[in-house]
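Chains as they are written, first to last, in this note's numbering: chain H, 1 to 352; chain U, 353 to 704; chain X, 705 to 1056; chain W, 1057 to 1408.
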C-alpha cells in the first residue's frame, strides 16, 4: 500500500482506544481518519485524553452518524463492548465490504456459536461473520491473518497464557488435564467504566482474585488449547487484580506427560519463538517481570523447574494494553494491509 | 500476671520490630522495657520510626550491652536475622533462664537439625534450643505454646498457607501430591534492608515471581504439612512480590482425594475455625482480599469450586506484619504469659 | 454517662462512615445502634465493607424509615452529602431534640447564611440550626463543643491548615495577605462515588492540582482565619490529589509581619499545642510525613526557615479520614457525651 | 552528518542512563558504541535492565579502561554523579577534543566558580570547562547549544520551573521577590542508589517535603532567573517526593508587578512557546497533570487565576527522566550534531 492507509478507531474514549491512537499517531503508513465515542461525541480527543492535546486528531463522533461507504476506510479497529460490536461490524461490512476490521472485543473470538451463547448469555447476531473471522494470535495464525478481512484480536489474559502453552501442547509434552494458570492483571484490563470497585481507594494497597471458576476468557482458552491438542482441553484459570495500571503476569504450573524435563519445555518454547520479534524467551530459570515489557509489544517468557520432579513453573508477562490488546491489533493490521509486521511497534519498554 | 509484664524487642529498627512496638504500646498489660537496634544504638525510636515521636520509649541500645539477668524481662521478642538469632537467644537464656522468648526469625522453626543445615547452609549453633522450641502457629499448637519458654513464630507465607490447608490435610480429603500454592506478598515482607531491587522505582507498577522452586519457607511447609498428614508432603510453592506494602494472598489449588466436593472442603475449614478469634471463613464461593485484613490480626479464608470436577480454589489473606509476624507474636505472648489471647490485638482492618 | 451511649451513623456506606464504624466498634463506651445507607438498605455492612465480616453490626437501613424518637439515640454522626444533610438533621432534631449530632458535611460549618449561599449555590434550609451549630475544631473550640447539641465537624483540608496557622494569626506574627497553602490529599478525601476521574488507572502514577482558585474549603478557611485575626483574611489555597489513599500534607508559606523569625513561629505553635493529645509539633527544621500519621488521629506539624529572611515554610500532616474527618468526629462526641477526649482514639499510626 | 553518529553513555546502570538507551536505541541516526557502568563492568545491559534483553548492546565497561581517542565517539552522554563528572569529562576532552559532550550532572550548570564551591562544598576541578559549557535549556539557549562542544543538561526541577517563569521574568510582569515554587517529584528523580529512605515500603502510600530551604537546585534557579531578570532573583522553592515513579509537577505562585492579569501571563507564556515542539500551553484555567506527559519529552503548562487579584497559579508538568533529563539530553544532541531537533523524541505519553 503506497499511500497512507485510512483507519478508524471505534470506541476511542476507552483505554484500548487511546492506546490505539498512541500507536497509530506514530505509525508511518497510517492516517487516523475517524474516531468514534458515542457518549463523548462532539468533543475533541484532548477532552477525553489530555495527553493528545498537542496533536491534530479528528473530532469524536457517534457511530450512528458514520457513512461507512463514504468514509472509505482501509481498516477499522473496533474497541467496543461485546454484543454491541457484532451489530456495528455487521452494519459496517454490509455498507463497506472492502473495509477490513480488527475487532478487540470478544465477539468474534469463539468460532462455535453454541460456545458463544453459553458464555455470553445470548445468540450471536452475526454468525456468518463469526465463521469468517480469523483468530488474531499472530504467532499462531500469521498466514490466515494476512488474508483475513475480519480478525478477532485475542484477549489479554489468553494471549499471555497461550504463547507459552501452545508450543508445549502441540508437542504433546505436558499433561493436558493438570494445567493451572494463575493470572494477575493490572487495572487497565478492567477498562474505564466508572465502577465503585475500580476506584483508586478500593484497589490501591490490596490484591484479590475474581471470577474464580467462571471467567469468560476460559472459553477462548478452551478453544485454542483444544485446537492445539486435537482433543478437549480444560484448564484451571484464576485471574487476580494488581494495584498497578499495566501488565499481566501468568504463573503457569505444568507437569510432564512422560519423561520430559523442564529444560525440554524451555527448549521447545525458545525454538518456537526463535524468529519472533515480539516474543522473547529468557534463559532457563529466569522469570519475567511485567515492568520490563510496560508500554511495549513484547511478551517475556521464562521457564523454571519446580522442586517436584517432572514439573515446571512458567512465567509469561506482557502489557495488557499493548501485546494484550492494541499493540497486537496494530500487528494484525500490519499483516492485513501488507506493512512490515513490526512497523509502529518498536517502542521499548518504559522502565522505571 | 498481676503487674505489667516487662518485655523487650530485639531488632526494633526493622518492620516487624516497629510493628511489635505499635501493638505493645497499646497492650494494657505490657511495659516496653528494652529496645535494641545495633546500628542505631543511642538513637531514639522516633529517629528510626517518626510515627512514635509522641510516645515515651526506651532509647535504642546494642544487644551486646544488655545484662539479661539484671534486665529481668518477662518476655523477649526477637526480630533479628536468622543465624544471629540462635546465638543471641542461647546467650539470653543462659543468663536469664526464666525469661520467655518469642522468636520471629526462622532459626527455631525447623525441628530437624538436618533440615535446618540443608536449607540454611550451616550447622545450627543451639540444637538443644531447637529441640525445646515450640512452633507458634496458635490455632494448631495452642496448648503447647501455653507451656513453652521458647516459641518459634511462623513465617508469613507459611501461616497464610497452613491455616486453610492443615484442616484439609488432617482430614485426608485432598490429594497430597498435587497441592499448588501461588503466593503473593506485599513488600514489607522483604524487610527494611537497603537493596536496589527493593527501591520504590524498581517495585512500583510491576509484578514478578521470585525464589521459584527453592524458597526457604518450603522447609517449614514441608515440616508442618508432613506432621499433619503423617507422611511426607511436598507442595509446589511460588512466591511473588506485589507493588504494595502489606498483605499476603495465597491462591491454593487442591484436588479431592476421593469423592469430596469443594463444599466439603469449605465446611471442614469453617468448622476447624468456628471458635477462633483471628480466622474468619467467608461464605462458600467468596474470596478474600488483602485490604480487608490490613493492619489487623485476622486471616480471611475463602473456598470456591473450580470448573473442573473435584477441584477447589482456596484463597487465604492476612497482613504479613500482623498475623504473619508481630501480631501472631503478641498472640503467642498472651498465651505464654497467661493473658487473654486477643488482648492488644483487637484493631480492625484499616480500609481504605 | 454510665451506660453505653447509643449512636447512629448516617451514610455508613461511604469512607467516613466506615471509618466511624472502625473506631466506634472499639470504643469502650459506645454501642452502634443504627447504620443507614439508602442505596444499600437491607444489606449487611459486610456486603459493603468486607473488613467488618467478623463483627456483629446492625443491618443497613434507609433514613426515611428511621423513627428518631423511638430510636432514642444519644448521638448521631451524619456522613451524608451536603444539602441533603441539613434536611435530615432538621427532621431528626425536630423529632428527637435530645439527640446530639456531629455532622461531617459542610452544611453547618459556615455561620454566615450569605456565605453558604454564595459557595454552595443555594439557600440554606435550616438557618436556625446553622446558627446553633458549633464549629468542631476541638483544639480551638473545646469549651463550646462540650455544651453543643450540634457540632459541624471541620473539613480535612481546613483542619490541616488551621492547626498550624491559627496560633500564628492570633499572635499577629505573620503577614495576613501573603499566606499560601499548597495542599495535597490522598484519594479517600474524594469519597466513594463511582466517577471516571477517580478510577485507579486515572489516578495511579500521576499527580495534579484541582479546584484551582475556587475550592469550597476556602469559605471555611476564610471564616476561621478571619475570626482568629479579627479582620478579613483571604488566603491562596491550591488542593492537589496524591496517588495514595490516606493523608493530607499542607505546605504553607508565611512571612513575618515584623521582625519575628521562623524559630519564633515554631515556639508559638509548640506552645499552643503543648498539652494537646492529638497535635504533635516536630523539632524546628523537621518536616512531617503523611505516612507517620496514617490511621491515627494525630496531626504532625513542622516549621522550617526559608532561605529568604523572615519567611518560613510550615508542614502539616494528618490522616484525612481520621483527624480530618471521623477521628475528629469521635473526639467531638467524646466531649459532647462527657467521655475522656482520647477514648477510642489511641490507635498508633500504621507505618509502613 | 550522513553516517550514524557514534555515541557513548557513561553511567548506563542508573535511571537516566537506561532512559538514554531507551531513546537512543530507536534514534534513526545514532549507534550506541559505548556503555559504561563501573560497578557492573563486564555485565550485559540486560543484567542491569532486563527490558533490554531482546536488543544487541555493547557490554558494560569501566570508564578507566576506555581509550577516548581510539573510541572516536561523536558524542558522549555523561550520567555520572557530580564531582566525578568533571574529572571524567576533563580527561575525555583532553584525549579526544573533537568529541562532544552532554553532561547530565550538575557539574557544569553553574557558570560561577564561587557559586559552585558554595553549593557543592568544594573547588571545581575543571574551571576552564565550566566556562566553556553552555547551559542546555533548549528553548532558551538553542543557538548557543548548536555551536557548543560541552552542554550542561539542566536539572529536572529547574527545567520544570524555568519554562513557565523565564518568559514572565523577561517581560518584567511578575514581582521578583514573591515567587513561590512548590515542586513535587516522582521517585526516579532520586536515582537508583540503594538507600533505606527510598525503599518501596518507605515511600508508598505517603508524601513529604525534603531539602526544605536548602536544595541544590536553588543555585541553578538563581543563576537562570537572575540572568533572565538582569538582577538578582531568589525564589522560595520546596521539593516533595511523590509515591510514583515518573513526573514532576511544579505549582508556582506569582504576583503581578503592576496591573497585569493572569490572562496576560498566559498569553506571554503561550506566545513564547508557540512554535516549540516540546512545550505545550493548555487553555487558560486548565492545569496540567504529570500522567499526560509520562514517557514523553513534553512539558505541559497551565495558568489559572488565584481568587486574590493580581495573583496567578501556574502549573508545569514534565517527565523528570525525559524532558527533565535524558530526553532533553537527546534534544541537545540533535542540535549539536545537526539532526532535526525532534528526532527520536516523538514518543507520545503513556497514559494510563
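The beta carbon of each residue, even a glycine, is placed where N, CA and C say it ideally should be. Remember, predicted model here, so these are calculated numbers, not experimental data.
query	result
Rounded C-alpha distance that separates residue 103 (chain H) from residue 78 (chain H)	5 angstroms
Contact under 8 angstroms by Cβ, residue 1363 (chain W) with residue 1309 (chain W)	no
Residue from W:1403, W:1391, W:1374 with nearest C-alpha to residue 911 (chain X)	W:1374
Residue 667 (chain U) and residue 639 (chain U) closer than 8 angstroms at C-beta	yes
Own chain residues within Cβ distance below 7 angstroms of residue 1114 (chain W), not counting five before or after	1088, 1089, 1090, 1091
Extent of the continuous alpha helix (DSSP H) run through residue 1004 (chain X)	Element bounds for residue 1004 (chain X): not the alpha helix (DSSP H) but the beta strand (DSSP E), 1003-1009.
Min CB distance residue 747 (chain X) to chain W below 8 angstroms	no
C-alpha gap between residue 969 (chain X) and residue 1333 (chain W), whole angstroms	46 angstroms
Near-chain U residues of the stretch 1253-1268 of chain W (beta-carbon distance less than 9 angstroms), N- to C-terminal order	1253, 1254, 1255, 1256, 1257, 1258, 1259, 1260, 1261
Members of the stretch 860-887 of chain X near chain H, C-beta cut-off 7 angstroms	none
Short Cβ contact (8 angstroms threshold) for residue 590 (chain U) with residue 561 (chain U)	yes
Below-8 angstroms beta-carbon distance, residue 575 (chain U) vs any chain H residue	no
Contacts of residue 1102 (chain W) in chain C (Cβ-Cβ under 7 angstroms)	Judged by its chain identifiers, the structure shown contains no chain C, and its protein chains are H, U, X and W.
Cβ neighbours of residue 496 (chain U) in the same chain (closer than 7 angstroms, five flanking residues each side left out)	486
Residue 434 (chain U) versus U:427, U:404, U:478, U:426, residue with shortest Cα-Cα distance	U:478
Members of the stretch 241-256 of chain H near chain U, C-beta cut-off 8 angstroms	242, 243, 244, 245, 246, 247, 249, 251, 253
Helix, strand or coil at residue 1164 (chain W) according to DSSP, with G and I counted as helix	coil
Those residues which DSSP pairs with residue 1336 (chain W) across a bridge	W:1356
Beta carbon proximity, residue 343 (chain H) to chain W, threshold 8 angstroms	no
Touching by the beta-carbon criterion (3+ pairs, under 8 angstroms), the stretch 871-890 of chain X and the stretch 931-940 of chain X	yes
Contact set between the stretch 650-674 of chain U and chain H, restricted to residues whose Cβ is under 7 angstroms from the partner	656, 657, 658, 659, 660, 663, 665, 667
Identified DSSP bridge partners for residue 510 (chain U)	BP columns for residue 510 (chain U) are empty, so no partner.
Neighbourhood of residue 1168 (chain W) by C-beta distance below 8 angstroms, restricted to the same chain and skipping five residues each side	1279
Test item: CB-CB of residue 779 (chain X) and residue 717 (chain X) under 8 angstroms	no
Touch test, the stretch 510-518 of chain U against the stretch 1207-1216 of chain W, Cβ-Cβ under 8 angstroms, three pairs minimum	no
Nearest-angstrom Cα separation, counted from residue 256 (chain H) out to residue 608 (chain U)	21 angstroms
C-alpha gap between residue 407 (chain U) and residue 1140 (chain W), whole angstroms	44 angstroms
Inter-residue spacing [alpha-carbon to alpha-carbon] between residue 724 (chain X) and residue 733 (chain X)	14 angstroms
Residue 1083 (chain W) versus W:1403, W:1162, W:1300, residue with shortest Cα-Cα distance	W:1403
Burial state of residue 769 (chain X) (16 or more Cβ within 10 Å)	exposed
Residue-level contact to chain U via CB, residue 290 (chain H), 8 angstroms cutoff	yes
Distance between residue 951 (chain X) and residue 440 (chain U) (C-alpha atoms, nearest Å)	39 angstroms
Which of helix, strand or coil DSSP assigns to residue 729 (chain X)	coil
Residue 1004 (chain X) and residue 986 (chain X) closer than 8 angstroms at C-beta	yes
Beta-carbon proximity of residue 841 (chain X) to residue 812 (chain X), cut-off 8 angstroms	no
Under 7 angstroms (Cβ pairs) to chain U, residues found in the stretch 711-737 of chain X	719, 726, 729, 730
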